[in-house]
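The structure under discussion appears below in the form of structure tokens.
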Amino acid sequence: MVASSPYFIRPATVEDVDAILQLVVALAIYEKAEDSVKATPELYRKNLFETPYAHTLLAFAGTPDAPGKAIGLAMYFFNYSTWTGKPGLYLEDLFVDPACRGQGVGKALFAELGKVAEEKVNNDTDCARIDWQVLKWNQPSIDFYEKTLGATAMTEWMGMRLEGSQIENLRKFRLTSS
Amino acid sequence: MVASSPYFIRPATVEDVDAILQLVVALAIYEKAEDSVKATPELYRKNLFETPYAHTLLAFSGTPDAPGKAIGLAMYFFNYSTWTGKPGLYLEDLFVDPACRGQGVGKALFAELGKVAEEKVNNDTDCARIDWQVLKWNQPSIDFYEKTLGATAMTEWMGMRLEGSQIENLRKFRLTSS
């Protein structure tokens, strides 16, 4: 008999939106960006479950028959690489409640992501890569990614972003007025 | 009458897969990664047009009635941010033929991306952000992004990646054998 772990992982459902938001806020606090979370449970209901732009895995304390609270989250969507020609899995958020660390929850969440990546997306193609971002000062996480998971740091690349009025400012470059 | 530009932009179709691959290889050469392109026109046919994992805009010299060759490309897909709660536009590849630079093709491609981001995705929600990555040594592009477009460099973040055997190695962390 396989020894049971004190937690389990399942895909999130629309009933989980409040738990998702709590974990997202906790992650933002850890990332020193608490005020950055503008999302609401209603936006998650709409954009994660009505027309899902991302997929969410939740780790819960306890067992499926006797679940406790949500203690971890992995949210991902599928990206695309013109170099591999195949979709990839992009991990947008990964978080484990600090009180529940050291029990393998992060490793188990990554294992589930690996399973998603290896299996057929849309019964069609596997994923060539799993990609994500980490804050450069977040050494505990970097150590986990590099030493435990064997991941590669993509140090040559830098992210760029446009939002809000910056997106509106692009209108002046349109070829024709529209 | 609006003065016509010596190029135009349209969404790519499946007939464009060879042109797309040529531009992707040219971009990889510019990024000093020529051997990294493993994709084929068949993979693009399947993953860009049969089950599209990304959307492609192409810039052509000439006019829609008398088109020349493909001189630029912008490929994107929709991502998701738990902080905004809304989808975003992720620009995977942007390339303009070096011979055709300085004519505003890059700006016009970004304007089209801005239009996509501002309009309703799936008649449903606009995009909160436009995100992409740039190689840190690619100063001409960084200058374009920061000075011409007013984009923000996301310098606090670093990319991480798992691929190939690294993804297979995650199997040992699964909670139950499967």
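Protein chains in written order, with this note's numbering: chain A, 1000 to 1177; chain B, 851 to 1028. Using N, Cα and C, we set each Cβ at its ideal position, and we do this for glycine too.
Taking 9 angstroms as the cut-off, the beta carbon of Ala1110 (chain A) is found closer than this to the beta carbon of Leu1025 (chain B). Residue pairing by DSSP places Ala1060 (chain A) opposite A:Tyr1006 in a beta bridge.
The DSSP-derived three-state label of Thr1147 (chain A) is helix.
Leu1090 (chain A) sits in a strand when the DSSP states are folded into three classes. When secondary structure is reduced to three states using DSSP, Lys1068 (chain A) falls in the strand class. Per DSSP, the continuous alpha helix (DSSP H) segment holding Gly1113 (chain A) begins and ends at Val1104 to Glu1117.
Counting C-beta pairs closer than 8 angstroms gives three or more between the segment 958-965 of chain B and the segment 916-932 of chain B, which meets the contact rule.
The DSSP-derived three-state label of Arg1021 (chain B) is helix. By the rule that beta-carbons nearer than 9 angstroms mark a contact, Tyr1144 (chain A) touches chain B.
When B:Phe928, B:Leu963, B:Ser886 and B:Tyr930 are compared, the shortest CA-CA separation from Ala909 (chain B) is found for B:Leu963. Across the segment 880-902 of chain B, CB contacts with chain A closer than 7 angstroms involve Ser886, Val887, Lys888, Ala889, Thr890, Leu893, Tyr894, Asn897 and Thr901, in sequence order along the chain.
Using a Cβ-Cβ cut-off of 9 angstroms, Val874 (chain B) counts as an interface residue toward chain A, since at least one Cβ of chain A sits closer than that to its own. Val1095 (chain A) is bridged by DSSP to A:Gly1071. Cβ-Cβ separation between Arg1173 (chain A) and Arg979 (chain B): approximately 20 angstroms, too far for a contact (criterion under 8 angstroms).
Among the residues facing chain A, Lys919 (chain B) is not included, as its CB has no counterpart in that chain under 9 angstroms away. With respect to the 9 angstroms criterion, Tyr930 (chain B) and Glu942 (chain B) are not classified as neighbours on the basis of their beta carbons. Here Ile1028 (chain A) is exposed: its Cβ has fewer than 16 other Cβ atoms, across all protein chains shown, within 10 Å.
The segment 892-901 of chain B and the segment 1140-1160 of chain A do not touch, with fewer than three beta-carbon pairs separated by less than 8 angstroms. Chain-ordered listing is empty here: chain A has no CB closer than 9 angstroms to the CB of Lys997 (chain B), the nearest sitting near 12 angstroms. Distance from the CA of Leu1090 (chain A) to the CA of Val867 (chain B), rounded to the nearest whole angstrom, comes to 28 angstroms. Rounded to the nearest angstrom, the Cβ distance from Tyr903 (chain B) to Pro1086 (chain A) is 4 angstroms, consistent with a contact under 8 angstroms. In terms of beta-carbon proximity, Ala1150 (chain A) lines the interface with chain B, with at least one pair separated by less than 9 angstroms.
Listed as beta-bridge partners of Leu877 (chain B) by DSSP are no residues whatsoever. By the Cβ criterion, the segment 994-1012 of chain B is in contact with the segment 1136-1156 of chain A, since at least three pairs of Cβ atoms, one from each stretch, lie closer than 8 angstroms. Proximity of chain A to Ala961 (chain B) at the Cβ level (cut-off 9 angstroms) is accounted for by Leu1169, Arg1170, Lys1171, Phe1172, Arg1173 and Leu1174, in chain order. Separation of Gly952 (chain B) and Ser855 (chain B) (C-alpha to C-alpha, rounded to the nearest whole angstrom) is 12 angstroms. One Cα belongs to Lys1068 (chain A), the other to Glu1014 (chain A), and the distance between them is close to 13 angstroms.
As for any alpha helix (DSSP H) of minimum length 4 sitting wholly inside the segment 976-1019 of chain B, the runs are 989-993 and 1015-1018, ordered along the chain.
The beta carbon of Phe1048 (chain A) lies closer than 7 angstroms to those of Val1013 in the same chain, with the five residues before and after it left out. For Ser911 (chain B), the three-state secondary structure derived from DSSP is strand.
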